[in-house]
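Colleague: This structure is in C-alpha cells; I'll ask about it shortly.
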Amino acid sequence: MKITDDVYRLESTKGAYSYVIFGAEIILIDTGLPGRWKSIKKELTSIGVKLKQVKHILLTHHDIDHIGNAAILQELTGSDVWASEEDIPVIYGDVERYGFKKYLKYIFHIKKPKDIKSFTTGQVVNGIEVILTPGHTPGHLCFIYNDVLFIGDLLENKNGNLRPYPKAWNWNNSIMMQSINKICQIPFKWACPAHGEPIERGNLLNKLNI
C-alpha cells in the first residue's frame, strides 16, 4: 500500500505491518511476524526492490511480531539492523521480556539478528529522525521521515478506533501516555501504526481528544 511517493506499507506483514522507505537508501521499518520473510521478499520484488538494495532495518521495539524476520532479512540483504539501547538486550535474549510476553519464546523460536546498532534519541539516519517513546517497551522508538511518523505499537488504529495499546502488553502505561503526548506535539502529516490503518494527524488528535 502506497502511503506517499517514498513510503510503502508491506501488505504481506498484515498483523504487524512493516514499512519501506525509498530515500537515499532503501530502509525497512520492522519485519513482521516470524515466518513471513518469503512473502516479504515476494512483495519487495513486486514493487521493484531487490533484497540487496535494502541497506538498513530499523526496529521500533523488541516484540516478536516486529523482529520476527530481522535475522533472516539481515542475512539476505546484508543490511544493518538498528534498535534502541534499552531494547537490544531483550532482542538478544540477555534480558527477559516482562509479564506474559516472557512465555512467547516457547511459542516462537526465532533467530536473533547480529551486531545490532544502537540508536540515540534525536539521531538522524538517512533523513529518518529517531524519537524515543518508551512505555510499550522500555526502549520503544518512533521514526519520522518526510512528514510520515512511524509509531510502532505506541497506538493502534483498529476499525477507526484509535487507542493506546492494551495495558497488559505494556511495560509502563503512565510512561506510555507521556510518549503519546510527546508525539502529538510533533508536526507530521501521516501516522503509520504497526496495527491498523495510517491516520492523518488531525484525525489522530481528534480521536485522542488532544
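Okay, so the sequence shown: first residue is 0 according to numbering that gives the first Met the number 0, each after it adds one. Cβ atoms here follow ideal geometry from the backbone N, Cα and C, with glycine treated the same way.
Using the Cβ count rule (16 or more neighbours within 10 Å means buried), how would you classify T44?
Modeller: Answer is exposed; the Cβ neighbour count stays below 16.
Colleague: When DSSP builds the beta bridges, which residues end up paired with D79?
Modeller: D79 pairs with H55.
Colleague: Spell out the partners DSSP gives K157 in its beta bridges.
Modeller: In the DSSP output, where bridge partners are listed per residue, K157 has N160.
Colleague: By the 10 Å Cβ neighbour count, where 16 or more other Cβ atoms means buried, how is G201 classified, buried or exposed?
Modeller: Under this definition G201 is an exposed residue.
Colleague: Please state if the CB of G22 and the CB of N125 are separated by a distance shorter than 7 angstroms.
Modeller: Yes.
Colleague: Should A193 go down as buried or exposed, given a rule of 16 or more other Cβ atoms within 10 Å for buried?
Modeller: By the neighbour-count rule (16 or more Cβ atoms within 10 Å), A193 is buried.
Colleague: Report the option in E85, K40, K54, L75 whose CA atom is closest to the CA atom of L131.
Modeller: It is E85.
Colleague: Going straight from the alpha carbon of H55 to that of K116, what length do you get?
Modeller: When rounded, the distance between both Cα atoms is 10 angstroms.
Colleague: Starting from the C-beta of P137, find all residues in its chain whose C-beta is less than 6 angstroms away, skip the five residues before and the five after it, and write them out in chain order.
Modeller: Counting only Cβ-Cβ distances below 6 angstroms, and skipping sequence neighbours, we find E85, W170.
Colleague: With DSSP run on the structure shown, which of helix, strand or coil describes V48?
Modeller: The answer is coil: DSSP assigns V48 none of H, G, I, E or B.
Colleague: Leaving out the 5 sequence neighbours to the left and right, which residues in its chain are closer than 8 angstroms to Y91 when beta-carbon positions are compared?
Modeller: So the qualifying residues of the chain are K111, I115.
Colleague: Just the Cα atoms here: how many angstroms apart are C141 and V89?
Modeller: Using only the alpha carbons, I get a separation of about 18 angstroms.
Colleague: Take Q73 and list the residues in its own chain whose beta-carbon comes closer than 6 angstroms to its own, dropping the five residues that flank it on each side.
Modeller: Here the set comprises V80, P112.
Colleague: Just curious, the alpha helix (DSSP H) that Y91 is in, first and last residue?
Modeller: Counting along the chain, the alpha helix (DSSP H) containing Y91 begins and ends at 87-91.
Colleague: So what's W170 in DSSP terms, helix, strand or just coil?
Modeller: Reduced to three states, the DSSP call for W170 is coil.
Colleague: Considering only DSSP beta bridges, list what L131 is partnered with.
Modeller: According to DSSP, which records beta bridges pairwise, L131 is partnered with L140.
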